[in-house]
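Inspection log for the structure reproduced underneath, given as structure tokens.
4 protein chains.
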Amino acid sequence: MSKWYEEELEPGLRAQYGLKKILHSGQSKFQTVDIVDLEPFGRTLLVDGLIQSSQIDEYVYHEALVHPALLSHPCPKSVFIGGGGEGSTAREVLRHATVERCLMVDIDEDVVKFCRENLPENAAAWTDPRFELVIADAKATLENSPTNFDVIIMDLDDPLEGGPCYQLYSVEFYQTVKRKLNPGGIFITQSGQAGITRHHLVWSPVYSTLKQVFPAVKAYTQAVYSFLDEWGWNIASTDESISPLLLSPEEVDKRIAARIKGEMKFLDGESYTGLYCLSKKHRQTLAAETAVLSIEKGTFAVMHSQGLCVAEAGSAEVS
Amino acid sequence: MSKWYEEELEPGLRAQYGLKKILHSGQSKFQTVDIVDLEPFGRTLLVDGLIQSSQIDEYVYHEALVHPALLSHPCPKSVFIGGGGEGSTAREVLRHATVERCLMVDIDEDVVKFCRENLPENAAAWTDPRFELVIADAKATLENSPTNFDVIIMDLDDPLEGGPCYQLYSVEFYQTVKRKLNPGGIFITQSGQAGITRHHLVWSPVYSTLKQVFPAVKAYTQAVYSFLDEWGWNIASTDESISPLLLSPEEVDKRIAARIKGEMKFLDGESYTGLYCLSKKHRQTLAAETAVLSIEKGTFAVMHSQGLCVAEAGSAEVS
Amino acid sequence: MSKWYEEELEPGLRAQYGLKKILHSGQSKFQTVDIVDLEPFGRTLLVDGLIQSSQIDEYVYHEALVHPALLSHPCPKSVFIGGGGEGSTAREVLRHATVERCLMVDIDEDVVKFCRENLPENAAAWTDPRFELVIADAKATLENSPTNFDVIIMDLDDPLEGGPCYQLYSVEFYQTVKRKLNPGGIFITQSGQAGITRHHLVWSPVYSTLKQVFPAVKAYTQAVYSFLDEWGWNIASTDESISPLLLSPEEVDKRIAARIKGEMKFLDGESYTGLYCLSKKHRQTLAAETAVLSIEKGTFAVMHSQGLCVAEAGSAEVS
Amino acid sequence: MSKWYEEELEPGLRAQYGLKKILHSGQSKFQTVDIVDLEPFGRTLLVDGLIQSSQIDEYVYHEALVHPALLSHPCPKSVFIGGGGEGSTAREVLRHATVERCLMVDIDEDVVKFCRENLPENAAAWTDPRFELVIADAKATLENSPTNFDVIIMDLDDPLEGGPCYQLYSVEFYQTVKRKLNPGGIFITQSGQAGITRHHLVWSPVYSTLKQVFPAVKAYTQAVYSFLDEWGWNIASTDESISPLLLSPEEVDKRIAARIKGEMKFLDGESYTGLYCLSKKHRQTLAAETAVLSIEKGTFAVMHSQGLCVAEAGSAEVS
């Protein structure tokens, strides 16, 4: 290999991926956007130099993001996606036969455009009659939406300081989300790295923030090879009697069979159960977490090249 | 960072670790041995340039290796460790109050010596009166052992071609193992990378090979951050009515409380359950796997710098 | 920088160049060909992963290759270029007002095609009426040429084993060259790395080989930044009374003023003099060199990824 | 190679050296100091992550630094070295039979200590009765010196902002130097990278600054392989009628034979002449250079990780 794509996973930890081809490389209004073919991962989207999703295992991330949320709901008809510009999240949502409307709101027109041109596996989603695309700020669009949703999915970048979406990881935004969910509505958000050494940076602060707003919240994780770590999500229900967050493996398999078109590759009843089995260490961190991410209070999780920090108003403490 | 330790995880995928200090670096009779301080992982043992274990999360690997085996057994008194030169596996075994004898057989005197000098967290194990160390070939030592064991643990390098231990991943060796286990005996072996893209290289062939010998076998996985992937193990029981391979989370927590000294960091009932929840993809691979690793037939899993292959007698097929 | 181009300069010595853009990347019949924009060097041609020439300082290499040869000749009218597919060598030759015909013979159509499309600084050369391009083997074309030449220039890849041009560094080829030169004819060939530690690999063997054939030979060197070392050439004259190899700085400046169109950037009388001032170490190597590169005797300089060797018939000695 | 030492040569240009052994690695009061064995260069001293000198070719740098200065002087008896902690500069000075006293003033005790322990090739210098070592600031020591010197040599780090020695590249310091030289005294200073693309950063500003103070100044360069570029020096004479800066090659060879003990490896009359033959481009830069490095005016050359700049009072312009 002569050409390499390099990512700094954390200070002092670099990954280098053999670079076979650059399909697109540019600077959008918000971020740098690369779509490349990597030797170990196939076609890959990188935003600001960080892998967002790659051909070899994007299904793990997207099945783990979308289906636990939609399966928890008794009959999800309307779905809001914040971010998700690559199209894979919409693709998974639209596999659910119950879904009548899927509104995706991404702020970065370039990401959408270049992914649409270069990621053929999502082609069907873009032209599905139930699918609606808006290029705008997800927060403002959701606040002003005349209708509510059964499921709201946040498929965002990490909360990079100065990036386009750290405000979408805040107690204020989660209050908006809750208001915009129908009874029994489900909220799911990607929540950053969640391995044994880094899950306290974004994943557990998002968890404790959601606990301020929702009666039921669960944090879960799954190893994603092309992210070179476990990844994290947080899921919340407005009413667990309608939409319970933890289903039995048998119930998951039954709902998949009844509702989802085509074969899953990663998720079924057993792997769903695995998502929710956290290590002792992870559960200790969640139990001890007190951070509340807030725009008003100026406390939010930000990711620097030198690591992540939870900034308190007027004082930043680097983790 | 000016100094880096570089590992090729697979062709076209490199990791580079900031190198703070070299504590030992040399060539033993069998392999190169490095003990270093790495920026992201702390003190780390590397053999032939591959990370074996690092301070930051070795407990994940070693708790996942040792405790499921010992907890499955109703009362493990005698334990055989093949490999494990670093000392951490013995350390975890010796935390079990039931254990009366722990025999560790490692072929590489240098690994043992340099780890003993440089990894203070295992100091207590080396001087425990129940612990016995033999520098020898684990296969021959086990074959000639006058006594049998309740639990046999293989904590080996990957089956590198020309390396010291690929014969310890074979149907012939597993027959020896079975013969040397007491009734209800448990066998556990590390089984290489086990993420969504690489679990077919060693993990599933070891599984199907063990199925030729043992009435009950289970394959399981766990993300290990410093390995930058999920890792894999295979566990087998000579008699599931005495030593069942899958315990309920409650039973695990009960046995931990009753038998193990000190606090676990990673393992408890819930994370134990997570170990055994495999993805749909992993289970499909296990179900379809037909390889039988055999010294006689010349079929064994070998790892090259260019990937891994399962070699059939007279013909090598690179995976 | 996220994207890098990596070159192995010698075993244990890597350079990495920030990769801004890939303009062309492909495999020709003979070699891999990359034309890229590099952060430190600008637009750059790489063949088989090795930098051939880059925008930032290609003029140093090409002025040092072409002008000493043409300036030594009293009135160069016909010039043969072997290799030179990039076009820069022809560009420099065609700046000489005396030149009536410049025949370039390159074996690799793709190198020529892609350089012509992507290196605008050589545009004028390709359409100069005095310029003639043949895609063919330089050796066969020269042997069969009905006419002789005043100057023959070899602007080739290094003599890579299995590469397209190691036979063009041989006593047999140099005999052909001599036969095809007019009286007072000048031969110049690039001769690989020539820094204080690597000049014995190709540069001095080419020197001693040329000494077998030509009455006057001089070896010279010049630092080329984008090659990260000094580079080497060997120049030979069929008759020093017509074409002396060493001119005074004043004579060089006079001939440049009289013959060459446009401004030079690197070469003039003083820097010309510097080319020929070799270090004591370099001169000792030349004096002691006995290698004769020969196709018949099977002794030729070959460059491996593991270094270079001068292979004797039936025995290879790695330097 | 698993272990690498990485140096950033300029933004977007990295070199990586196979790291065989770390002999010393630490933080002195002033800088980080590494003494390592590198695969391509042998034993090597690095300060603040930048190669200072390596076994394979340190003689090129040190012969080019020391001998042109001492050979220009008719009979150098007393020599002052600023910096030079490694000991090689003193070693070369002490080879001159005329030298009666060599005073070396280095600010960093650790560099001196660790080099003395780890670089056996300089052992003789440290115990030569003519040699005197002072750990102190070279500027203050020179200012307060009760005696003058025949030759003053500055063998310093590059003028890193915040580093220990950027004030030693200034018009004020050069006035002190001139005052402390005996009639016909010679001053020589290392002057940083001097290849075709980077010689304007330190080398030419130092040249034009020296021109403010000394009647005769010459800038020269030499490729140094382990620096991966040409290196630069500036030499000045207080009186060219006593100490001419440019000797004929014959005169150089004569003085070497008469005065220097042992064999030179790099320098003799011819290579000396080559040092002074600058390219057209280098000479154009020198001719156009107007910078005057001054402590009072706050104009000095500083090297950042992001390149170098000549800072004017109150305004920094990055080159």
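So the protein lines, in turn, are chains A, B, C and D.
313 is the number that our numbering gives to position 313 of the first sequence; each next residue is one higher, with no gaps.
If you want our numbering, it's the 1-based position in the second sequence plus 319.
If you want our numbering, it's the 1-based position in the third sequence plus 638.
If you want our numbering, it's the 1-based position in the fourth sequence plus 957.
Quick reminder that beta carbons are idealized off the backbone N, C-alpha and C, glycines included.
Who are the Cβ neighbours of residue i in its own chain at under 7 Å, not counting the five residues just before and after it?
i: Y276(A); result: K218, Y220 and L246
i: R414(B); result: I579, K580 and G581
i: D572(B); result: D587 and G588
i: L50(A); result: E7
i: D425(B); result: G402, G403, G404, V431 and I454
i: A69(A); result: V151, I153, I186, I188 and I235
i: M583(B); result: E382 and I575
Could you name the residues of chain B that residue i contacts, counting a contact when the two beta carbons are closer than 7 Å?
i: L976(D); result: K322
Spell out whether any CB of chain C is found under 8 Å from the CB atom of residue i.
i: G12(A); result: no
i: P1025(D); result: no
i: G49(A); result: yes
i: D1115(D); result: no
i: A972(D); result: yes
i: G1231(D); result: yes
Quick one: using the 10 Å Cβ neighbour count with 16 as the cut-off for buried, is residue i buried or exposed?
i: E631(B); result: With a pLDDT of 43 at E631(B), under the threshold of 50, the predicted position of this residue should be treated as unreliable, though the coordinate-derived value follows. Classification for E631(B): exposed.
i: R1048(D); result: buried
i: R893(C); result: buried
i: S489(B); result: buried
i: G725(C); result: buried
i: P1033(D); result: buried
i: G822(C); result: buried
i: A1245(D); result: exposed
i: S1200(D); result: buried
i: S1205(D); result: exposed
Taking Cβ-Cβ distances shorter than 8 Å, what residues in chain A pair up with residue i?
i: I660(C); result: K3, K21 and I22
Could you round the C-beta distance between residue i and residue j to whole angstroms and report it? I think they count as a contact, below 8 Å.
i: A15(A); j: A334(B); result: 6 Å
i: I471(B); j: K499(B); result: 7 Å
i: S710(C); j: E738(C); result: The Cβ separation is near 18 Å, so there is no contact.
i: P11(A); j: E358(B); result: 7 Å
Closer than 7 Å by beta-carbon distance: list the chain C residues that pair up with residue i, in chain order.
i: S1236(D); result: F904 and S909
i: V1036(D); result: Chain C residues near V1036(D): none, gap ~23 Å exceeds 7 Å.
Which residues in the same chain as residue i place their Cβ atom closer than 6 Å to its Cβ, once the five residues preceding and following it in sequence are excluded?
i: D675(C); result: K658, K659 and R681
i: A236(A); result: F187, L210, F214 and V217
i: F266(A); result: Y59, V60 and E63
Name the chain D residues that come within less than 7 Å of residue i, Cβ to Cβ?
i: E325(B); result: S959 and W961
Taking 8 Å as the CB-CB cut-off, is residue i touching chain D?
i: F898(C); result: It is worth fixing the name first, because residue 898(C) is Ile in this sequence and not Phe. Not one chain D Cβ lies under 8 Å of I898(C).
i: I694(C); result: yes
i: E677(C); result: yes
i: A635(B); result: The predicted position of A635(B) is uncertain, since its pLDDT is 35 and thus under 50; a value taken from the coordinates is nonetheless stated next. So, not an interface residue.
Could you name the residues of chain A that residue i contacts, counting a contact when the two beta carbons are closer than 7 Å?
i: A542(B); result: G195, A223 and E230
Please compile the residues from chain A whose C-beta is within a distance smaller than 9 Å of the C-beta of residue i.
i: A416(B); result: Near A416(B) there are no residues of chain A at all, since even the closest Cβ is about 20 Å away, more than 9 Å.
Hey, is residue i's beta-carbon within less than 8 Å of any beta-carbon in chain B?
i: A219(A); result: no
How about residue i: is its C-beta nearer than 8 Å to some C-beta of chain A?
i: V379(B); result: yes
What residues in its chain sit with their C-beta under 8 Å from that of residue i, if we drop five residues either side in the sequence?
i: F546(B); result: I370, Y380 and Q512
i: N118(A); result: L23, H24, I35 and R43
What does residue i reach in chain D if we use C-beta pairs closer than 8 Å?
i: G830(C); result: Ordered by position in chain D, no residue passes the 8 Å Cβ test against G830(C), which lies about 14 Å from the chain.
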